[in-house]
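K.L.:
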Amino acid sequence: MKKILIALMMAAAITAHAEPFVKGADVGWLPQMEATGYKFYNRQGKQEDLLQILKEDGINTIRLRTWVNPSSDRASGHNSKDETVAMAVRAQKMGMRVMINFHYSDSWADPQQQRKPAAWIGHDFPQLLKDVYSYTHEVMSALKQAGVTPEWVQVGNETPTGMIYPEGHTDNWPQLAQLINQGYDAIKAVSPTSKVVLHLDRGNDSQRFRTWFDNARANGAKYDVIGMSYYPYWLDGRPDYTASINDLAANMNDMAARYGKEVMVVEVGGEDTQPQNTYDMLVAVQRKVKAVPDHKGLGVIYWEPQGARSWSHYELSAWGADGRPTKAMEAFRAD
Numbered sequence: 166m167k168k169i170l171i172a173l174m175m176a177a178a179i180t181a182h183a184e185p186f187v188k189g190a191d192v193g194w195l196p197q198m199e200a201t202g203y204k205f206y207n208r209q210g211k212q213e214d215l216l217q218i219l220k221e222d223g224i225n226t227i228r229l230r231t232w233v234n235p236s237s238d239r240a241s242g243h244n245s246k247d248e249t250v251a252m253a254v255r256a257q258k259m260g261m262r263v264m265i266n267f268h269y270s271d272s273w274a275d276p277q278q279q280r281k282p283a284a285w286i287g288h289d290f291p292q293l294l295k296d297v298y299s300y301t302h303e304v305m306s307a308l309k310q311a312g313v314t315p316e317w318v319q320v321g322n323e324t325p326t327g328m329i330y331p332e333g334h335t336d337n338w339p340q341l342a343q344l345i346n347q348g349y350d351a352i353k354a355v356s357p358t359s360k361v362v363l364h365l366d367r368g369n370d371s372q373r374f375r376t377w378f379d380n381a382r383a384n385g386a387k388y389d390v391i392g393m394s395y396y397p398y399w400l401d402g403r404p405d406y407t408a409s410i411n412d413l414a415a416n417m418n419d420m421a422a423r424y425g426k427e428v429m430v431v432e433v434g435g436e437d438t439q440p441q442n443t444y445d446m447l448v449a450v451q452r453k454v455k456a457v458p459d460h461k462g463l464g465v466i467y468w469e470p471q472g473a474r475s476w477s478h479y480e481l482s483a484w485g486a487d488g489r490p491t492k493a494m495e496a497f498r499a500d
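The opening position of the sequence shown corresponds to residue 166 in my numbering, with each subsequent residue numbered one higher.
#1: Does the segment 361–375 come into contact with the segment 312–331, if we say contact requires no fewer than three beta-carbon pairs (one atom in each stretch) closer than 8 Å?
#2: Do V450 and F186 come within 9 Å of each other at the CB atom, strictly closer than that value?
#3: What number of angstroms, rounded off, separates the C-alpha of V433 from the C-alpha of D191?
#4: Where T376 and Q292 are concerned, what is the direct C-alpha to C-alpha distance, given to the nearest angstrom?
#5: For M555, does the three-state DSSP call read helix, strand or coil?
#6: Please report the residue range of the alpha helix (DSSP H) in which T443 lies.
#7: With C-beta atoms as the reference, is Y206 less than 9 Å away from D487?
#8: Confirm, please, whether the CB-CB distance from Y396 to D445 is below 9 Å.
#9: Along the chain, where does the alpha helix (DSSP H) containing M417 start, and where does it finish?
#10: Take the Cβ of E469 as the centre, count every other Cβ of all protein chains shown within 10 Å, and call the residue buried at 16 or more, exposed below.
#11: Please list the terminal residues of the continuous alpha helix (DSSP H) segment that includes Y395.
#12: Cβ atoms of V250 and Y504: under 9 Å apart, would you say?
#13: Along the beta strand (DSSP E) that carries Q319, what are the first and last residues, could you check?
#14: If you measure between the beta carbons of P276 and D366, is that distance less than 9 Å?
#15: Of the choices V431, W399, E221, T301, whose alpha-carbon is the least far from that of I345?
#16: With H, G and I counted as helix, E and B as strand and the rest as coil, what does DSSP make of L341?
#17: Taking the Cβ atom as the reference point for each residue, do G368 and G348 lie within a distance shorter than 9 Å?
#18: Cβ-heavy atom distance between N346 and the ligand ZN below 8 Å?
Shown next as structure tokens:
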């Protein structure tokens, strides 16, 4: 009996680490790009579905954002529930894993802005808790009905000072934790196997993460994975990634040990005009994530690699003016 138990425990341990390393792309702009006639080409110059091109470069995961009542603005709109579900179905049919990112806003939520959805303005705090739960439950239920079970779901996007201002600001951590937990509970009610991610920017900043997640723990916020953004380009002085990559690694190791959680770089990007440097950075980031002890480093996701500057004016895509992926994307095949 003892030998059987040991064998079962070993099998369980192997299964727990059997999932492939996440090599992902956030492609929230894709439906708009296609609707405006943008054409994607593979490395041989043949027009092809973007998701197939990404798959050929080793991408196995697609991350999608969802906004409550978005506008139809080309760059800062769309990503409604229906559009997000449709994209998730499309990704799953391509054999991709899926991450859903709840911004809890009608447009971008990030360290500069965490605007409450217009439909929730004027609601008191008890009603806001219900808003978060019902909206999250609604989107998760639509995904389930469509046959999609996201492996990861974010509650909030880049929330160093909270979300759904002013009630969910970090000035009032007890309220922020309640809002987070409404999202968590709604996700688990529909999809118990989905892992809930909480996400901060500046993944190289250990003090930022310790302060935030110490508060999260003290206030009972529930989650499964610590998500990080890592954009050397946006750091003060725009230093080369080599100046901060070891700090990113140290922070990931510290987070995994301090809180006993898995970690993931859910957003990363490098300058589109420096594809070799971005390639080198992506290889280094993947290696650092894989080196997190106890298999707690889950993977790396590039934010809008296909969001070519000619269409988006975004500096950190990994797409060239010729409509093809740059050398940077080869990093997901190289490591």
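By construction, the Cβ of each residue, glycine as well, lies at the ideal position given by its N, Cα and C atoms.
P.N.:
So, from the listed chains and residues:
#1: Contact holds: three or more Cβ-Cβ distances are below 8 Å.
#2: Judged by beta-carbon spacing, V450 lies beyond the 9 Å limit of F186, meaning their Cβ atoms are not closer than that value.
#3: Their backbone Cα atoms lie some 10 Å apart in a straight line.
#4: Between the alpha carbons of T376 and Q292 lies a distance of about 28 Å.
#5: Look at the range of the chain in this structure, 166 to 500, and you will see that residue 555 is not part of it.
#6: Segment 440–455, the alpha helix (DSSP H) holding T443.
#7: Yes; because the gap between Cβ atoms is below 9 Å, this pair is in contact.
#8: Contact flag unset, no.
#9: For M417, the enclosing alpha helix (DSSP H) begins and ends at 410–424.
#10: Buried.
#11: It is not in any alpha helix (DSSP H) - Y395 instead sits in the beta strand (DSSP E) that spans 390–395.
#12: As displayed, the chain neither begins before 166 nor continues past 500, which places residue 504 out of reach and without an answer.
#13: 317–320 is the extent of the beta strand (DSSP E) around Q319.
#14: Against a cut-off of 9 Å, the Cβ pair of D366 and P276 comes out as a contact.
#15: Relative to I345, the option among V431, W399, E221, T301 whose CA is nearest is T301.
#16: DSSP places L341 in the helix class (H, G or I) of the three-state scheme.
#17: No.
#18: Absence of the ligand ZN is noted for the structure shown, with no ligands found whatsoever.
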